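S.K.:
Residue numbers (our numbering): 4 to 191.
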């Protein structure tokens, strides 16, 4: 049996995003995001209900400050006490796992999606996606970009404006473009 485009997407294989199943899931997320982004601070219960419907998993005490944007939502698995500030974007064309106690400053961008570098393949309209995993107790500074396939270890800080193109281990402060380890945290 041939794989669906969604199965290909989640397997990290070339896929067509215009596939009817994926397009329907994207429209669903767009409707939910429109509702979410039109809420006000006093509508916390409504926000939580929408997040429960939108995301694959929502941990306890999750706060995502609107506006928030994602492709599907259903591939985002958020742990407890996630805080995402204004304007964050998650392109969840593959699994995006976010641990407990993660802080994201404004305009953090998490991109599981990417395009082939070979123009002849890119011109076919096929895309790619790779999973992203963010550990527990991570702080991601404003305007940081987390690229496809990256893992960020527990207790790590990613500096503002960083472009994370490779895995970053646990217990470090990392920053820059490309993001690199600035210092190791001492064991307490």
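For each residue, glycine too, the CB sits at the ideal point set by N, CA and C.
All figures in this text were calculated on a predicted structure; none of them were measured in a lab.
1) What runs of the beta strand (DSSP E), each 3 residues or longer, lie entirely inside the region 48–131?
2) With a CB to CB cut of under 7 Å and the five nearest residues on each side skipped, what residues in its chain are close to residue 29?
3) Following the continuous alpha helix (DSSP H) through residue 11, name the residue where it begins and the one where it ends.
4) Please state if the CB of residue 156 and the CB of residue 172 are separated by a distance shorter than 7 Å.
5) The beta strand (DSSP E) with residue 177 in it runs from where to where?
6) In this structure, does DSSP put residue 188 in helix, strand or coil?
7) According to DSSP, is residue 171 helix, strand or coil?
8) In terms of residues, what are the limits of the alpha helix (DSSP H) holding residue 5?
9) Check residue 36 in the structure and name its three-state DSSP category.
10) By Cβ distance below 8 Å, which residues in the same chain neighbour residue 184 in space, the five residues on each side in sequence not counted?
11) Restricting to Cα atoms, I'd like to know which of 108, 94, 189 is closest to residue 32.
12) Looking only at DSSP bridge pairs, what is residue 19 linked to?
13) Could you check whether the region 17–27 touches the region 51–65, counting it as contact only if at least three pairs of C-beta atoms, one from each stretch, sit closer than 8 Å?
14) What do you reckon, are the CB atoms on residue 110 and residue 150 nearer than 7 Å?
M.R.: Taking the definition as stated:
1) 71–73, 79–81, 91–94, 99–101, 112–114
2) 74, 75
3) 8–13
4) yes
5) 175–178
6) coil
7) strand
8) Looking at the DSSP string, residue 5 is not in any alpha helix (DSSP H), and its letter there is neither H nor E.
9) helix
10) 171, 172, 175, 176, 177
11) 94
12) 129
13) no
14) no
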